[in-house]
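Below is one structure, written out as structure tokens, with a few remarks after it.
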Amino acid sequence: MSRFLPQLTRRELWALADPRLTEPDVVVVMEQILELVGTDWKVEASVDLRAPLMRQYLSDHRLWPLLPLDAVRSSVRPELRHRQVAISASQMRLRSVATEVLEQFDAEGIESRVLKGLATGELDYPNYLLRHTGDVDLAVRPERLDDAVRVLRGHGYGDRYERFSPYLSYGCTLEAPNGVEVDLHARLSRRSPLGDRLFQDLGEPLSMLPGYALSAAHRLVHASGHFLISPPGARRLSGLFDITRMHACHDVDLEKARRFAADLRIEALVGAGLWVEAMLSDRVDVIAQLDTWKAPDWLERNTRLVPERRLLLDHLGRYREVPRGRRLRYLPAWLLPTRRQRRLLIGSARGTATRLTQGRR
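Residues in the sequence shown are numbered from 730 upward in steps of one, following the working numbering.
Set out below in structure tokens:
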């Protein structure tokens, strides 16, 4: 795989997560947080939060809980403590809603899996409050998605956003009466086929929630795939650090992860996400194993391994997100995007033309 991937400096690797992360002082802090996460929070140097917009970066990427009080200057500790207490309260609300939803699904015989932050916080972090998550993410079987939505609407949940085209089968986002967002996923990834592959393994039982998470290897696939399939500028470093945590506390079977990713048709994307983390964490053994993984194609390299979003190429790639058997019916919507999408695509095309013109000078 590595021969197909770009040769990037450490600063350029961080910029894949957030194009704003290019200032040396900011990169230093991100390197320190990465080391904290990978070493079970062994503090060796003070984390300096004085760089411009540093607090905004930490909020955008949901990283405040990862900072120990003794890792920052004494003048910053009251603010850090206040933020962490507020975040902990929000996490308790999320877990309360998750418990309620899982119990409602169980009563209706709807099988589900707890995804992302709520699961990995309990299973992969020394304290679940270290993993800040913003919503409740659950996977349900595609054929039970409508039933799951019906159950939640019957308990006062409403649509959070306008639903995507039904031909995309992305899932549905609802809002609990107390404002908590609940994401129901019919597929683990937008590239994945519709089917029950996600539920063929029992998964891992959770002790703090009445449900199951994915196994460690499958959580690694989801963390890496979700991190990299999100477009540049919309990624969160919390997803990258989830990969770091799973390497730190589990002997993850990368071949099992590769097979699972291949079944979901996201092997190249997952491998590229693991490669980014391995390069930042100097995981020579992981980089060597990734050479057996499928390499990203040209479109993936030019939409996911670049620091800026390229909406025109993104739109071309969206067609592969439509499940097989539905692509012909989705074709009109793909060829005739909405007014907002057209405006974004035109702006992206102009930006690409500007970059190409400047590159020739």
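Cβ coordinates follow ideal geometry from the N, Cα and C atoms, glycine included.
Identity of the residue in E872, R965, K845, S817 nearest G838 by Cα: Against the sequence shown, residue 838 aligns to sequence position 109. Nearest C-alpha to G838: E872.
A827 vs L847 beta-carbon contact at 7 angstroms: As a working mapping, residue 827 is identified with position 98 in the sequence shown. As a working mapping, residue 847 is identified with position 118 in the sequence shown. Pairing A827 with L847 gives a Cβ-Cβ distance under 7 angstroms.
Any beta strand (DSSP E) of 3 or more consecutive residues that is wholly inside the region 824-908: 841-843, 865-869, 900-904
Stretch pair the region 899-911 + the region 934-946: three plus CB contacts closer than 8 angstroms: no
Within 7 angstroms, strictly: CB atoms of L798 and R806: Counting from one through the sequence shown, the residue named residue 798 turns up at place 69. Counting from one through the sequence shown, the residue named residue 806 turns up at place 77. Yes.
Residues sharing a beta bridge with E933, DSSP: Here residue 933 is taken as the residue at index 204 of the sequence shown, counted from 1. According to DSSP, E933 bridges with A942.
Range of the contiguous alpha helix (DSSP H) that encloses L998: As a working note, residue 998 is residue 269 in the sequence shown. Counting along the chain, the alpha helix (DSSP H) containing L998 begins and ends at 996-1010.
Backbone CA spacing between S1010 and R920 [nearest angstrom]: Against the sequence shown, residue 1010 aligns to sequence position 281. Against the sequence shown, residue 920 aligns to sequence position 191. Spanning the two alpha carbons is a distance of roughly 27 angstroms.
Reference Q736; option with closest CA among R1030, R1055, A1062: Within the sequence shown, residue 736 is the residue found at index 7, counting from 1. The shortest C-alpha separation from Q736 is found at R1030.
Backbone CA spacing between L993 and L917 [nearest angstrom]: By one-based count along the sequence shown, residue 993 stands at place 264. By one-based count along the sequence shown, residue 917 stands at place 188. Each residue's alpha carbon lies about 8 angstroms from the other.
L1040 to R1072 span [Cα, whole Å]: The count along the sequence shown starts at 1 and reaches residue 1040 at position 311. The count along the sequence shown starts at 1 and reaches residue 1072 at position 343. Taking C-alpha positions only, L1040 is separated from R1072 by approximately 10 angstroms.
Unbroken beta strand (DSSP E) run spanning D912, endpoints: On the sequence shown, residue 912 is found 183 positions in, with the first residue counted as 1. 910-914 is the span of the beta strand (DSSP E), which, as asked, contains D912.
G1000 vs L1019 beta-carbon contact at 7 angstroms: In the sequence shown, counting from the first residue as 1, residue 1000 sits at position 271. In the sequence shown, counting from the first residue as 1, residue 1019 sits at position 290. Result yes, Cβ atoms of G1000 and L1019 sit closer than 7 angstroms.
Where the alpha helix (DSSP H) containing L1041 begins and where it ends: Counted from its first residue, the sequence shown places residue 1041 at position 312. Here the alpha helix (DSSP H) through L1041 covers 1040-1047.
DSSP-derived helix/strand/coil call for D777: Residue 777 sits at position 48 when you count from the first residue of the sequence shown. In the structure shown, D777 sits in coil (DSSP, three-state: anything other than H, G, I, E or B).
CA nearest to the CA of P1036, picked from P748, V865, E764: One-based indexing of the sequence shown puts residue 1036 at position 307. With distances taken between Cα atoms, P1036 lies closest to P748.
When E851, G1002, H884 are compared against S959, the one with the closest alpha-carbon: For the purposes of this step, residue 959 is identified with residue 230 of the sequence shown, where counting begins at 1. Among E851, G1002, H884, the Cα nearest to that of S959 is on G1002.
Simplified DSSP state of Q736, which is helix, strand or coil: Locating residue 736 in the sequence shown gives position 7, counting from the first residue. Residue state, collapsed to three classes: coil.
Through-space distance from P1061 to R974, alpha-carbon basis: Here residue 974 refers to the residue found at position 245 when the sequence shown is read from its first residue. Here residue 1061 refers to the residue found at position 332 when the sequence shown is read from its first residue. C-alpha separation (whole angstroms): 43 angstroms.
Span of the alpha helix (DSSP H) around R974: Position 245 of the sequence shown, counted from the first residue, corresponds to residue 974. 966-978 is the span of the alpha helix (DSSP H), which, as asked, contains R974.
Same chain, Cβ closer than 6 angstroms to A991, neighbours up to 5 away in sequence not counted: Residue 991 sits at position 262 when you count from the first residue of the sequence shown. Answer for A991: no residue qualifies.
Beta-carbon spacing of Y886, L903 below 7 angstroms: As a position in the sequence shown, residue 886 is number 157, starting the count at 1. As a position in the sequence shown, residue 903 is number 174, starting the count at 1. Going by C-beta atoms, Y886 is nearer than 7 angstroms to L903.
With 16 other Cβ atoms within 10 Å as the buried cut-off, status of D769: As a first step, residue 769 is located in the sequence shown; it is residue number 40 there, counting from the start. Per the 10 Å Cβ criterion, exposed.
C-beta atoms of V757 and A800 nearer than 7 angstroms: The sequence position of residue 757 within the sequence shown is 28, counting from 1. The sequence position of residue 800 within the sequence shown is 71, counting from 1. Result no, Cβ atoms of V757 and A800 do not sit closer than 7 angstroms.
N- and C-terminal bounds of the alpha helix (DSSP H) containing R1033: By 1-based counting over the sequence shown, the position of residue 1033 is 304. Where R1033 is concerned, the enclosing alpha helix (DSSP H) stretches over 1027-1033.
Presumed contact (8 angstroms Cβ cut-off) between L998 and L957, rounded CB distance: One-based indexing of the sequence shown puts residue 998 at position 269. One-based indexing of the sequence shown puts residue 957 at position 228. L998 to L957, Cβ: 5 angstroms. Contact.
P781, buried or exposed, once every other Cβ within 10 Å from all chains shown has been counted against 16: One-based indexing of the sequence shown puts residue 781 at position 52. The residue is exposed, with fewer than 16 neighbouring Cβ atoms inside 10 Å.
Host alpha helix (DSSP H) of F989 (start-end): Translated into the one-based positions of the sequence shown, residue 989 becomes position 260. First-last of the alpha helix (DSSP H) with F989: 983-992.
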